[in-house]
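Here the protein sequences line up with chains A and B, keeping their order. Every letter in the first sequence is one number past the one before it in the numbering used here, and letter 200, counting from 1, is 380. Every letter in the second sequence is one number past the one before it in the numbering used here, and letter 282, counting from 1, is 456. Think of the CB as a built atom: it goes at the ideal place given N, C-alpha and C, for glycine as much as any other residue.
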Amino acid sequence: MSIQPPMPKCWRVETKPHKFCPGCGHGLVLKALGEAIDELGIQDRVVFGCDIGCSLLAWDFFNVDSIQTHHGRTTPVMTGVKRANPDLICVAYMGDGGGYAIGSQHLVNAAARNEKITVLLALNTVYAMTGGQMAPTTMPGQKAETSPYGRDPELTGYPTQGPEMVAAICREGAYVARGTTANLKQLKNYIKKALQNQMDGNGFSFVEALAACPTNWRTNAEKTWNFVEKEMPKYFKVGEKKVPGAEQREGQ
Amino acid sequence: MPDKLITEEKRVFMTGNEVVAWAAMAAGAEIMYGYPITPQNEIMHYWTRLAPKYNRRFLQTEDELSAGFTTLGGVMAGRKAFTATAGPGNTLMQEPLSMAEAMRLPTVTIIQQRGGPSTATVIYSQQEVTMTTFGGNGEGLRIVYSTANHQELFDYTIKAFNVAWKYRFPTFILGDGYQAKMRESLTIYDPEQRGIEFVPAEPFVGKPGTPGVDREPGHYRNTYNVEEELYDVLQEFFADYEKMVPEVVEYHSFDTEDADVVVLSHGVVSRGAKEAVEILRKEGKKVGYFRPITLRPLPEKELKELATKAKKLLVVESAQGQFGKLIKNAIYGGTAEFLTLYKPGVGITTEEIISRVEEIL
Chain A
181 MSIQPPMPKC WRVETKPHKF CPGCGHGLVL KALGEAIDEL GIQDRVVFGC DIGCSLLAWD
241 FFNVDSIQTH HGRTTPVMTG VKRANPDLIC VAYMGDGGGY AIGSQHLVNA AARNEKITVL
301 LALNTVYAMT GGQMAPTTMP GQKAETSPYG RDPELTGYPT QGPEMVAAIC REGAYVARGT
361 TANLKQLKNY IKKALQNQMD GNGFSFVEAL AACPTNWRTN AEKTWNFVEK EMPKYFKVGE
421 KKVPGAEQRE GQ
Chain B
175 MPDKLITEEK RVFMTGNEVV AWAAMAAGAE IMYGYPITPQ NEIMHYWTRL APKYNRRFLQ
235 TEDELSAGFT TLGGVMAGRK AFTATAGPGN TLMQEPLSMA EAMRLPTVTI IQQRGGPSTA
295 TVIYSQQEVT MTTFGGNGEG LRIVYSTANH QELFDYTIKA FNVAWKYRFP TFILGDGYQA
355 KMRESLTIYD PEQRGIEFVP AEPFVGKPGT PGVDREPGHY RNTYNVEEEL YDVLQEFFAD
415 YEKMVPEVVE YHSFDTEDAD VVVLSHGVVS RGAKEAVEIL RKEGKKVGYF RPITLRPLPE
475 KELKELATKA KKLLVVESAQ GQFGKLIKNA IYGGTAEFLT LYKPGVGITT EEIISRVEEI
535 L
């Protein structure tokens, strides 16, 4: 008798096992998203969008309507869907390249307009599908294919702080958080809050999830987890960055 | 809230951009996603004034990439969404529109051509032909109407929404800055009163029921794992496109039967070409007129016929052979001599066309 690993109900069993590399963080982020969708009971209303790049492998991941689009363009596609049918719960799923480099103008402007969509971004500090080039989030000193001697912030700047940037742009009603695949319960909780925020019609919601890329990092299990748990949070502080209503509370 | 902007047929005096906004309203367009660029701006200006009064919507995006991709989202959510752009904006918009081509999304895009390359001039050209018919990576599976006057801007904008939703290929109205900005008389009408039935929009996502439980989920992608998979998908697209061609191809021609020279043009230049041919005919000269209204697909059968019957073809356009290239491809093997009057980025008068025809007759 084989025992099936527990899967979220909204996962599409026919497309499992999934196509991500062993040890990839995407599976965990998508598990947290799946459980959040299950617990909120919104499988019939969610539209899931993903980029090109590794995130495209999630195009048939769920039993929810899904649209795979171009690098960085998932945010405007989901904006277009949401504005045309506000009853839908729109989730734009992307990597750090899609969100912080090629698609940054879309992320910034969707946040500034307080679009009532949820952006979920997996951060693994590299461009993964294209072979491990430097990303906006590559850490100082970290080696990547286009920073083979380690990222030098003097030449290429410091890692993009996504949630901090988005939180600075957003106004009332936005929800912004950074979770990690090293703490799935917390990550799921953040994603649930982000989805709930959209369901409540409050405004933009954004969750970044620290995720592993052992293939491009060329790390074994131990080193992979060490990087996710110890190294990444040195730059990328986990926690909620903006919560609806907090502004009023601060002002009281 | 009133349902219709146009309730009865009437003569009006409008700019082309206003015509487009009114036609989109008349066609039942529900949402416009747009980004400013000259010379199409007033489409948005009129739309944003009318939209709230007729329960329609608008979003001004951060750029043309976003305007294009939000339009795709609107279409996938089951709305008749559209956008408009020009020049460098058209360049950017080829990215979303190649996705529309890949996913067979019924988008409607209005292009008001300006000069090129790059920023060039903001006023006029016919230099966006290649980009609009074959732009983006892919094979150019699109429908492109090239309009010549305001009446056509109105008629074909309405038609574009129906054709797009019927055949599910990205559909374009290719106008230009002259048409966009000048004022002209035309008859506006409620399409339904003329018996035009609208092809209903359908949602790609968010249909009733729970995906995976009550129905299959809609999984839309434009990526394929292997070359052969893409090849097979494209074969279906090509077959659909070929099947559609005879149903959508449109052209206007006269006096070609016995013509020694046939003047070929498209869009606004056809107005000068038409008049030139009429004048020359009155003088007893054997000159004919041919104008494709659809630049994609082209009326290839008719063009091929022309190129074997006539002695000479004269292609006239406000570009350095973008339209000419389309014609050359279509008439390959024809016996007529291929002659040109190319004036990239500037208008062409009746007199210039007459003098060129007299030169080659």
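C-beta neighbour in chain B for residue i, strict 8 Å
i: A:Val299; result: no
i: A:Gln376; result: no
i: A:Gly431; result: Reliability fails at A:Gly431, whose pLDDT of 45 lies under 50, so the model's placement of it is uncertain and the value that follows must be treated cautiously. Not one chain B Cβ lies under 8 Å of A:Gly431.
i: A:Ser246; result: yes
i: A:Gly260; result: yes
i: A:Asn369; result: no
i: A:Leu220; result: no
i: A:His206; result: no
i: A:Pro188; result: no
i: A:Ala264; result: yes
i: A:Thr286; result: The question names Thr, but residue 286 of chain A is His in the sequence shown. So yes, A:His286 belongs to the interface.
i: A:Asn294; result: no
i: A:Ile232; result: yes
i: A:Pro256; result: yes
Bridge-paired residues (DSSP) for residue i
i: B:His426; result: B:Arg465
i: A:Lys422; result: A:Val356
i: B:Phe486; result: Contrary to the premise, residue 486 of chain B reads as Lys rather than Phe in this sequence. Note: B:Lys486 sits in a beta bridge opposite B:Val435 and B:Glu511.
i: A:Asp245; result: A:Val227
i: B:Met188; result: B:Glu358
i: B:Tyr516; result: B:Glu491
i: B:Thr345; result: B:Val282 and B:Ile317
i: B:Phe378; result: The partner list for B:Phe378 (beta bridge, DSSP) is empty, contrary to what the question assumes.
i: B:Pro385; result: B:Arg389
i: B:Asp350; result: B:Gln287
i: B:Leu233; result: B:Tyr207
i: B:Tyr228; result: Answer is none; B:Tyr228 lacks a bridge partner.
i: B:Phe372; result: According to DSSP, which records beta bridges pairwise, B:Phe372 is partnered with nothing at all.
Contacts around residue i, its chain only, beta-carbon distance under 6 Å, and the 5 residues preceding and following it disregarded
i: A:Thr298; result: Val271, Ala374, Leu375, Gln378 and Ser385
i: A:Leu367; result: Ala212, Gly359 and Ala389
i: A:Lys323; result: Gly330
i: B:Met218; result: Gly208
i: B:Glu192; result: Tyr220
i: B:Pro176; result: none
Residue-level contact to chain A via CB, residue i, 8 Å cutoff
i: B:Asp237; result: yes
i: B:His440; result: no
i: B:Phe412; result: no
i: B:Pro176; result: no
i: B:Asn191; result: no
i: B:Ser299; result: no
i: B:Met153; result: The requested residue 153 of chain B does not occur in the structure, where chain B is confined to residues 175 to 535.
i: B:Glu376; result: no
i: B:Ile534; result: no
i: B:Gly247; result: yes
i: B:Arg185; result: no
i: B:Glu401; result: no
i: B:Val139; result: Not covered by the structure: residue 139 of chain B. The range shown for chain B is 175 to 535.
i: B:Val373; result: no
i: B:Leu454; result: no
i: B:Tyr394; result: yes
Nonlocal neighbours in the same chain, by C-beta distance under 8 Å from residue i, ignoring five residues either side
i: B:Gln367; result: Glu182 and Glu183
i: B:Gly519; result: Gly289, Gly290, Ala294, Thr295, Tyr298, Ser299, Gln301, Ser492 and Ala493
i: A:Gly431; result: Caution applies to A:Gly431, whose pLDDT of 45 falls short of 50 and renders its modelled position unreliable; the value that the coordinates give is listed next. Correct list: empty, nothing qualifies.
i: B:Asn323; result: Gln353, Glu358, Leu360, Val442 and Arg445
Neighbourhood of residue i by C-beta, 7 Å cutoff - its chain only, sequence neighbours within 5 removed
i: B:Ile467; result: Tyr319, Ser320, Glu424, Tyr425 and His426
i: B:Ile527; result: Val437, Gly446, Ala447, Ala450, Val490 and Leu515
i: B:Leu535; result: Asp434, Val435 and Lys459
i: B:Ala375; result: Gly252, Arg253, Lys254 and Trp339
i: A:Pro186; result: none
i: A:Gly312; result: Val306, Ala324, Glu325 and Asn396
i: A:Thr437; result: Residue numbering for chain A in the displayed model covers 181 to 432; residue 437 of chain A lies beyond these limits and cannot be assessed.
i: B:Thr244; result: Tyr207, Leu233 and Thr235
- Item | Residues, ordered as in the chain, of the stretch 194-208 of chain B that lie near chain A by beta-carbon distance below 8 Å | Glu204, Ile205 and Tyr207
- Item | Whole runs of the alpha helix (DSSP H) within the stretch 293-327 of chain A, excluding any shorter than 4 residues | none
- Message: So within the stretch 350-400 of chain A, which uninterrupted alpha helix (DSSP H) runs reach at least 4 residues, ignoring any that extend past its ends?
- Response: 364-379 and 394-397
- Which runs of the alpha helix (DSSP H) spanning at least 4 residues fall entirely within the stretch 402-457 of chain B, listed in chain order? 443-456
- Item | Contained alpha helix (DSSP H) runs [length at least 4] in the stretch 279-335 of chain B, N- to C-terminal order | 303-308
- Task: Could you name the residues of the stretch 277-296 of chain B whose beta carbon sits closer than 8 Å to any beta carbon of chain A, in the order they occur along the chain?
- Result: none
- Message: Using a Cβ-Cβ cutoff of 7 Å, what residues of the stretch 309-334 of chain B are near chain A? List them in chain order.
- Response: none
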